[in-house]
Amino acid sequence: MSVARSMVIATFWLVLVPASCATTRGAIVRAADRLERNADAFDSDTRYAPDPTYSVTGYLRGAREFVEQAHGFRRMVDSASDREVIFGFEHLWRSYRALRDEVFRLHSRQARADLQPVTEAFVDVQRIVKNGYSYADSSLYASGGYQFDPYYN
Numbered sequence: 015m016s017v018a019r020s021m022v023i024a025t026f027w028l029v030l031v032p033a034s035c036a037t038t039r040g041a042i043v044r045a046a047d048r049l050e051r052n053a054d055a056f057d058s059d060t061r062y063a064p065d066p067t068y069s070v071t072g073y074l075r076g077a078r079e080f081v082e083q084a085h086g087f088r089r090m091v092d093s094a095s096d097r098e099v100i101f102g103f104e105h106l107w108r109s110y111r112a113l114r115d116e117v118f119r120l121h122s123r124q125a126r127a128d129l130q131p132v133t134e135a136f137v138d139v140q141r142i143v144k145n146g147y148s149y150a151d152s153s154l155y156a157s158g159g160y161q162f163d164p165y166y167n
């Protein structure tokens with residue numbers, strides 16, 4: 015009886031663990047794709063529709079940099095190891111913070127509203143990384159997660 019029970023438990027883990035990894039991988043790919051699209055739309059809006067809300071040229075430097083980071087992160091998550099996902103997210107997180115800070119310095123409700131879809135998509139990516147990849151980073155696991163500020167967490 016003990017051997018049969020061990021076999022059932024082993025089979026369960028062999029099926030469950032790869033399935034959960036595939037689910038996490040699919041979720042991060044979908045979330046990263048959404049983030050990339052929203053960041054690109056935000057950048058396009060600020061670049062091609064000059065508005066005094068943003069700047070004299072209508073261009074936010076942080077928006078283009080974040081689009082590039084989001085695009086790189088999206089390409090990377092398709093084939094990266096879990097540790098590479100965490101490393102890539104750390105770069106993405108810094109870039110997002112720079113963009114968010116740039117938008118908040120404008121003191122514009124419109125600019126903040128325009129950033130909202132990017133923020134929502136970023137929070138989705140953040141949640142998946144925090145919940146699905148924490149085991150791959152010992153410092154993340156030990157600290158209980160990244161220390162995010164209250165603006166979007």
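Here the sequence shown is numbered in the numbering used here, starting from 15 and rising by one per residue.
Just so it is clear, CB atoms sit at the ideal spot from N, CA and C, and this is done for glycine as well.
Item                                                                                                : Value
Sequence ranges, alpha helix (DSSP H) only - wholly within the segment 84 to 126, length at least 4 : 96 to 119
Simplified DSSP state of L49, which is helix, strand or coil                                        : helix
8 Å contact criterion, which L129 and V117 should meet: CB distance rounded                         : 5 Å
8 Å Cβ cutoff met for L49 and A135                                                                  : yes
Three-state secondary structure (DSSP) of L129                                                      : helix
Exposure of A45, with buried meaning 16 or more beta-carbon neighbours within 10 Å                  : buried
Alpha-carbon spacing of Y147 relative to M90, whole angstroms                                       : 15 Å
F103 and F87 closer than 8 Å at C-beta                                                              : yes
Within 8 Å, strictly: CB atoms of D115 and V81                                                      : no
Beta carbon of E79 nearer than 8 Å to that of A127                                                  : no
Beta-carbon spacing of V143, V99 below 8 Å                                                          : yes
Own chain, CB closer than 6 Å to T38, minus 5 neighbours either side, in chain order                : G146
Residue closest to F56, alpha-carbon to alpha-carbon, out of V139, R141, Q124 and R97               : Q124
Straight-line Cα distance separating R119 from H85                                                  : 25 Å
Reduced DSSP category for Y147 - H, G, I as helix; E, B as strand; rest coil                        : coil
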